[in-house]
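For reference, the structure discussed in these notes is given below.
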């Protein structure tokens, strides 16, 4: 394989094959992990086997989660990615219906999943393939070693490659600020297949990555200049991504890069306030992972499909990326979550933890005074797995306290509070120290941005757990002490959010603020607004609310959807007789949603295609 990236290729994305490119099976592997690390891993897996044995003895029969079922605590927050019995075969294999056949390869060669009522399965079918029971310690260690070795080698090759600008800059923006928390893309496979047009890369996906990174990439003068000169300010990438993904869908191409493209488009549309597009793109992505069987643990239920280690790793990661994004977009838009965890869902296991100890620096940030952010461990793997566990808890809060279609009863909300309050507390108590930020002992310099966002979202979910209790009307003579406690929790937590956000701004500037962090500030502002509504003379609450309003006014340049929230707050302040003009907010109109993209399906070229030496002759259909 060439060490340089082929940036002049013009052929269109090929239909992904069933298995990854042979290059994913490496023979020239870097040095193995240390003996001490291997010993610790062996012990962790032995603990897993003991827990599984105990779970099979004591666990009741499984039940499918439903929207009307009682909220559950969810998995233990402190369990490591390798030792979570709730997500790793916690039910006996016999408890799964024999009509459940697992994955299949369809007539077109694609991996699919269909249930017992479909055109594609007969009641008399015999079970397809053997189910892979819990891996032994040795098998798990070998799987991890293969994946980590492959990731190390691909990163070395990536570092030797030459990706021209502005593509290299925009990719680095994604790897630094988006990938660690959301994990939309499995980097080793993506960067390898970029050079070979393998199944885990497509030009469509590349265009989506570039388009999603534009809002941060334009802060770099050199990148902005190239975008303006050759790529219509960056809008061309979005046009390509949208036209190409719909052409893929019209041709029946449903692949993992298709899902990843739709997730990125959904996130981008959400940030600019295009809620219809954002919701539709995410819905398409969730439907496709059902079609591809990604919602099923391909290791336990392979059916007739033989999946390589990398395939299983990517499918598991993508399921939980979709699960997390489902909760976030439901949160932003006030909708019901679509994806639910079941007894056959992929486990929260990431065997490739090579990104855990990678060095992280705030790419694109130029601090004042010439100082440099000291490289620190990224802790990307543990951050993502903890975020997934937190999103399982938050799913229960969304379903049982914020159902937009079926109003939740007071009894249901009280039950949810009783169960999810200790779940959140347990998650926090067992959060690894390297991910935990105590608001009373914040560091002088912020940790990696995804750790900041993890801590902010935990506090956001905590407020959303208590906030409905503040507005419930109690009976005369009812004890109001719980309500007072909820109010104190909300105010304290909201204050922690703005302290953490202030640390983020002082360390990285406001220009790299992601939407989830902006939303946390909005939720904090909602609590301070409740205080001000209760007493306009509460100067401390008003001062904190003023800080939030100024922050939201600043971040709407990056995340225009914030304009809607900001307008709601300012209108409410005006109705209270508070001089909004004193806050120094701009009188200009809110940033409009991104314009509708239209592009000829014939205009499909590699996102790397540039015409050099002939800048005066540029076609509107090229990326030059």
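In this note's numbering, the protein residues as written are -6 to 617.
Where is the CB? At the ideal position from N, CA and C, for every residue including glycine.
Since the model is a prediction, treat every value here as computed from it, not as a measurement.
Check: Nearest CA to the CA of residue 563: which residue from 240, 270, 521?; Outcome: 521
Check: In whole angstroms, give me the CA-to-CA distance for residue 216 and residue 267.; Outcome: 26 Å
Check: Which residues bound the alpha helix (DSSP H) around residue 155?; Outcome: Here residue 155 belongs to no alpha helix (DSSP H), and DSSP marks it neither H nor E.
Check: When the Cα atoms are used, what is the spatial distance from residue 276 to residue 247?; Outcome: 14 Å
Check: Contact between the region 188 to 202 and the region 247 to 262 is defined here as three or more beta-carbon pairs at a separation below 8 Å; is this criterion met?; Outcome: yes
Check: What are the start and end residues of each continuous alpha helix (DSSP H) run of 4 or more residues lying completely inside the region 298 to 352, in chain order?; Outcome: 302 to 326
Check: At what residues does the alpha helix (DSSP H) containing residue 539 begin and finish?; Outcome: 532 to 548
Check: Taking its Cβ as the centre, do 16 or more other Cβ atoms sit within 10 Å of residue 209, making it buried, or is it exposed?; Outcome: buried
Check: Keeping to the same chain, check which residues put their C-beta closer than 6 Å to that of residue 462; ignore five residues upstream and five downstream.; Outcome: 479
Check: Is the distance from the Cβ of residue 457 to the Cβ of residue 540 below 9 Å?; Outcome: no
Check: Output yes or no for whether 9 Å exceeds the beta carbon distance between residue 519 and residue 548.; Outcome: no
Check: Identify which residue in 377, 494, 316, 425 has its Cα closest to the Cα of residue 453.; Outcome: 494
Check: Please determine, among 380, 374, 536, 413, the residue with the shortest C-alpha to C-alpha distance to residue 179.; Outcome: 374
Check: Pull the bridge partners of residue 243 from the DSSP assignment, please.; Outcome: Beta-bridge pairing links residue 243 to no other residue.
Check: Give the list of continuous beta strand (DSSP E) stretches no shorter than 3 residues that lie fully inside the region 146 to 185.; Outcome: none
Check: DSSP on residue 295, reduced to helix/strand/coil?; Outcome: coil
Check: Could you tell me which residues DSSP pairs with residue 370 in its beta bridges?; Outcome: 352
Check: May I ask you to report which of helix, strand or coil DSSP gives residue 254?; Outcome: helix
Check: Identify whether residue 98 lies in helix, strand or coil by the three-state DSSP scheme.; Outcome: strand
Check: Between which residues of its own chain and residue -2 is the CB-CB distance below 7 Å, once the five residues before and five after are set aside?; Outcome: Residue confidence for residue -2 is low, a pLDDT of 38 falling below 50, so the modelled location carries little weight and cannot support an answer.
Check: Quick check on residue 110: does DSSP put it in helix, strand or coil?; Outcome: coil
Check: Excluding five sequence neighbours on each side, which residues of the same chain lie with their C-beta closer than 7 Å to the C-beta of residue 147?; Outcome: 181, 184, 185
Check: Cα-Cα, which of 343, 529, 550, 459 is closest to residue 517?; Outcome: 459
Check: Classify residue 233: buried if its beta carbon has 16 or more other beta carbons within 10 angstroms, exposed otherwise.; Outcome: buried
Check: What's the C-alpha gap between residue 387 and residue 429?; Outcome: 18 Å
Check: Which same chain residues end up closer than 7 Å to residue 176 when comparing Cβ atoms and leaving out the 5 residues on each side of it in sequence?; Outcome: 310, 314, 377
Check: I'd like to know whether the C-beta atoms of residue 391 and residue 320 end up nearer to each other than 9 Å.; Outcome: yes
Check: Quick test of the definition: if touching needs 3 or more C-beta pairs under 8 Å, does the region 227 to 243 touch the region 291 to 307?; Outcome: no
Check: If you measure between the beta carbons of residue 353 and residue 483, is that distance less than 9 Å?; Outcome: no
Check: Excluding the 5 residues preceding and the 5 following residue 271 in the sequence, name in chain order all residues of the same chain whose CB lies nearer than 6 Å to its CB.; Outcome: 259, 262, 263
Check: Determine the contact status of residue 381 and residue 317, defining contact as a CB-CB distance below 9 Å.; Outcome: yes
Check: For residue 499 and residue 546, what's the separation of their Cα atoms in angstroms?; Outcome: 17 Å
Check: Are there 16 or more other CB atoms within 10 angstroms of the CB of residue 364, so buried, or fewer, so exposed?; Outcome: exposed
Check: For residue 619, which residues of its own chain have a beta-carbon under 7 Å away from its beta-carbon, when the five flanking residues on both sides are left out?; Outcome: Residue 619 is absent from the structure shown; the chain starts at -6 and stops at 617.
Check: Comparing alpha-carbon positions, which option in 249, 544, 284, 527 lies nearest residue 514?; Outcome: 544
Check: Pop quiz: residue 207 and residue 191 are said to be a contact at Cβ under 8 Å. What is the actual Cβ separation, rounded to whole angstroms?; Outcome: The pair is not a contact, with the Cβ atoms about 26 Å apart (cut-off 8 Å).
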